[in-house]
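Residue numbers (the working numbering): 2 to 407.
For every residue, glycine included, the Cβ atom is placed at its ideal position computed from N, Cα and C.
All of these numbers come straight from a predicted model, not from anything done at the bench.
To start, the structure itself, in structure tokens.
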Ligand code: PLP
């Protein structure tokens with residue numbers, strides 16, 4: 002038989018969401034009548050705006066006609082779409098936009114650009130794919146940058162080693178924390194000083210509701226040191242349709258002086274045959290003024306869910322971050338194990354959450370709650386949270402009042 006890729010052998014524990022599914026199925030096997038509510042996996046639930054589905058329908062219908070049929074498209078994306086996307090980025094040209102089948106796929110493919118000795122820095126906790134992709138592509142050294150309560154969940158980027166790839170997820174999944182302009186400017190400065198490259202994942206940028214930057218290119222000098230990946234998955238509900246893009250500025254060069262964009266063009270044209278043309282028609286509608294307005298209303302519904310959950314947690318005396326500029330809440334349970342909390346809520350409150358430790362060791366003692374559910378389910382989940390935690394909080398208050406009385 003053939004040899005196994007030894008890079009795969011290093012993953013002992015199963016991938017976070019597979020483990021969650023395993024535990025959920027075990028509970029349902031022992032308690033089939035349980036009606037579980039998911040505050041777990043970060044998938045969207047609201048229907049996509051009609052203006053987007055109608056654009057895709059029109060494109061799909063035209064494919065059945067002699068005039069409207071299209072085969073392979075441009076490998077880097079429809080030129081009109083690339084132009085439209087570039088309008089959203091200060092100083093970026095359409096030929097620096099590479100339309101893809103989503104961010105996760107691009108996060109994997111981007112790894113091919115860098116040799117195995119390139120050190121990697123990732124926020125801890127963060128989206129697990131940065132670490133997994135780095136290991137799968139043989140990277141030898143990963144520095145974890147702790148995002149802790151004591152540093153307001155903003156890591157110390159000065160820990161980044163010379164010549165590193167720095168992954169930044171902003172707003173961060175799972176903490177939901179968005180970095181300010183000053184914080185991002187300091188990362189760009191560090192990247193320049195340390196001859197490093199930022200891979201900036203803006204999957205949740207459309208949820209930012211204050212003046213924090215939505216793109217790394219809002220920061221002066223970022224074009225020389227940052228690649229940005231973007232996705233319509235959470236912006237417009239394209240998790241199943243699949244459409245994203247990566248911005249690769251021409252200024253970025255490797256240590257040997259060669260332009261990175263040329264190698265990226267080689268990788269994309271060798272391993273990818275272009276995003277679905279139907280999805281690209283949907284993307285064009287998403288980026289129109291009316292599409293953006295409809296998507297903002299969609300995102301606001303999820304943010305309202307987050308507000309509801311946050312209020313329920315607060316009433317139980319629990320503290321959380323996130324939920325204001327991202328559809329995730331990161332809830333603190335000091336001193337307790339994330340998986341133990343996950344099991345407790347699954348078994349006793351019939352809620353599926355995501356253990357913070359699944360996003361990195363600094364996520365231990367936290368749970369991530371996703372606001373991507375339907376409003377009725379979120380309301381029900383909020384009441385389950387209260388029924389579960391309020392009696393505990395009541396007991397704690399009773400204990401402390403007895404102590405005071407004594
Ligand atoms: N980046 C982050 C931070 C995510 O949380 C996700 C999905 O959950 C992705 C990327 C994946 O995006 P896509 O659906 O475009 O592959």
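Proximity test, residue i beta-carbon vs the ligand PLP heavy atom, cut-off 7 Å
i: residue 39; result: no
i: residue 232; result: yes
i: residue 174; result: yes
i: residue 371; result: no
i: residue 277; result: no
i: residue 240; result: yes
i: residue 202; result: yes
i: residue 168; result: no
i: residue 303; result: no
i: residue 245; result: yes
i: residue 324; result: no
i: residue 16; result: no
i: residue 427; result: An answer regarding residue 427 cannot be provided, because it is not within the stretch 2 to 407 covered by the chain.
i: residue 106; result: yes
i: residue 128; result: yes
Residue i: first and last residue of the uninterrupted alpha helix (DSSP H) it sits in
i: residue 60; result: 51-63
i: residue 135; result: 130-137
i: residue 348; result: 339-350
i: residue 167; result: Where residue 167 is concerned, there is no enclosing alpha helix (DSSP H), although the beta strand (DSSP E) it sits in stretches over 166-170.
i: residue 322; result: Looking at the DSSP string, residue 322 is not in any alpha helix (DSSP H); the run it does join, the beta strand (DSSP E), is 320-323.
i: residue 301; result: 290-316
i: residue 270; result: 261-272
i: residue 108; result: 104-111
i: residue 82; result: 80-87
Any chain D beta carbon closer than 8 Å to residue i
i: residue 276; result: Absent here is chain D; the protein component of the structure consists of one chain.
Reference residue i, options the options, closest by Cα
i: residue 269; options: 42, 258, 4, 98; result: 98
i: residue 358; options: 347, 374, 372, 341; result: 341
i: residue 361; options: 222, 285, 257, 129; result: 129
i: residue 378; options: 323, 333, 310, 2; result: 310
i: residue 240; options: 247, 232, 246; result: 232
i: residue 10; options: 283, 80, 138, 230; result: 138
i: residue 280; options: 258, 255, 246; result: 246
i: residue 154; options: 70, 345, 330; result: 330
Alpha carbon of residue i to alpha carbon of residue j, nearest angstrom
i: residue 93; j: residue 7; result: 39 Å
i: residue 28; j: residue 218; result: 46 Å
i: residue 307; j: residue 43; result: 13 Å
i: residue 372; j: residue 48; result: 15 Å
i: residue 407; j: residue 337; result: Any answer about residue 407 is weak, because its pLDDT of 48 lies below 50 and its placement is not dependable; what the coordinates show is given next. Straight-line Cα distance between these residues: approximately 28 Å.
i: residue 64; j: residue 73; result: 12 Å
i: residue 238; j: residue 187; result: 32 Å
i: residue 301; j: residue 31; result: 37 Å
i: residue 253; j: residue 114; result: 12 Å
i: residue 135; j: residue 167; result: 11 Å
i: residue 381; j: residue 332; result: 18 Å
i: residue 90; j: residue 160; result: 29 Å
i: residue 368; j: residue 143; result: 24 Å
Host beta strand (DSSP E) of residue i (start-end)
i: residue 11; result: Residue 11 -> no beta strand (DSSP E), and no H or E assigned at all.
i: residue 178; result: Premise fails: residue 178 is in no beta strand (DSSP E) and is neither H nor E.
i: residue 72; result: Element bounds for residue 72: n/a, residue is neither H nor E.
i: residue 276; result: That residue, residue 276, is in no beta strand (DSSP E); it is neither H nor E in DSSP.
Touch check for the segment 334-351 and the segment 32-43: three-plus C-beta pairs under 8 Å?
As far as the Cβ criterion goes, the segment 334-351 touches the segment 32-43, which means the pair count is three or higher.
Does the segment 101-120 come within contact of the segment 199-210, defined as at least 3 CB pairs closer than 8 Å?
yes
Between the segment 119-127 and the segment 172-183, do three or more beta carbon pairs fall short of 8 Å?
yes
Is it true that the segment 48-57 meets the segment 277-296, where meeting means three or more beta-carbon pairs spaced less than 8 Å apart?
yes
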